[in-house]
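Each residue of the sequence shown is one higher than the one before, counting from 1 in this note's numbering.
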Amino acid sequence: MKTLSPDHPAIVNRTTIYQKNVYDLAVDDYPFAVLKASTNRKLGKKVHKTKYRGRPLYTLSLVARETCTTDCEHWFDCYDNDMPFAHRFRAGPALEERVAADLDVYDRRHRRTGYLVRLHIIGDFYSPEYVNFWERQLSNRPGLAIYGYTRHHPGTGIGDA
């Protein structure tokens with residue numbers, strides 16, 4: 001894993017080192033789905049175990065460090081540092097609108113099998129409201145399952161959401 005120095009511009013500016021692959025959906029015309037079909041060898045294209053076996057897998061990446069807590073144990077050696085080709089999305093209402101639109105498509109496409117979304121291959125939950133967004137999606141979409149990780153610990157606004 002590539003480790004950045006404390007004076008690296010990505011550390012100083014709290015962002016990714018791969019700026020050309022950052023999309024702000026409020027201003028950028030991004031013609032593709034933001035929830036990507038998994039092409040990761042480690043994750044696979046479908047779930048192979050658990051009650052979700054056989055479900056297709058989709059992923060979402062946000063902008064590293066812009067959405068992360070500064071006390072993250074991987075602030076300097078972030079997984080993002082070794083992912084130059086990933087498309088990263090800026091946090092905010094425009095992202096949530098596009099995610100909801102993608103979920104509408106996947107609800108129809110996978111109405112019989114359901115599907116799984118791996119949240120935040122890069123990045124993290126950015127607000128309690130965003131956590132609540134995902135809670136609403138789970139409540140309203142019976143075919144949707146999600147999983148992911150966070151560095152927002154209990155006792156913080158996002159960690160307690």
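By construction, the Cβ of each residue, glycine as well, lies at the ideal position given by its N, Cα and C atoms.
With residue i as the anchor, note down where its beta strand (DSSP E) starts and where it stops.
i, result
"Gly118", "Checking the sequence, you will find Arg at residue 118 rather than Gly. Looking at the DSSP string, the run of the beta strand (DSSP E) that includes Arg118 is 115-119."
"Leu144", "144-148"
For residue i, which residues does DSSP report across the bridge?
i, result
"Gly46", "It is worth fixing the name first, because residue 46 is Lys in this sequence and not Gly. Per DSSP, Pro56."
"Lys36", "Thr59"
"Tyr130", "In the DSSP output, where bridge partners are listed per residue, Tyr130 has none listed."
"Tyr30", "Answer is none; Tyr30 lacks a bridge partner."
"Val22", "Arg88"
Are residue i and residue j closer than 7 Å when you measure CB to CB?
i, j, result
"Arg65", "Arg14", "yes"
"Thr59", "Lys42", "no"
"Asp102", "Val47", "no"
"Asp145", "Leu116", "Looking at the sequence itself, residue 145 is Ala, so the reference to Asp does not match. Yes, the pair counts as a contact, with Cβ atoms nearer than the cut-off."
The ligand PLP heavy atoms versus the CB of residue i: any closer than 6 Å?
i, result
"Thr50", "Absence of the ligand PLP from the depicted structure is noted, as is the absence of any ligand whatsoever, leaving it without description."
For residue i, count neighbouring Cβ atoms within 10 angstroms of its own Cβ and tell me buried if that reaches 16, exposed if not.
i, result
"His120", "buried"
"Leu138", "exposed"
"Asp104", "exposed"
"His8", "exposed"
"Gly157", "exposed"
Going by DSSP, what residue range makes up the alpha helix (DSSP H) through residue i?
i, result
"Leu103", "93-109"
"Pro9", "9-12"
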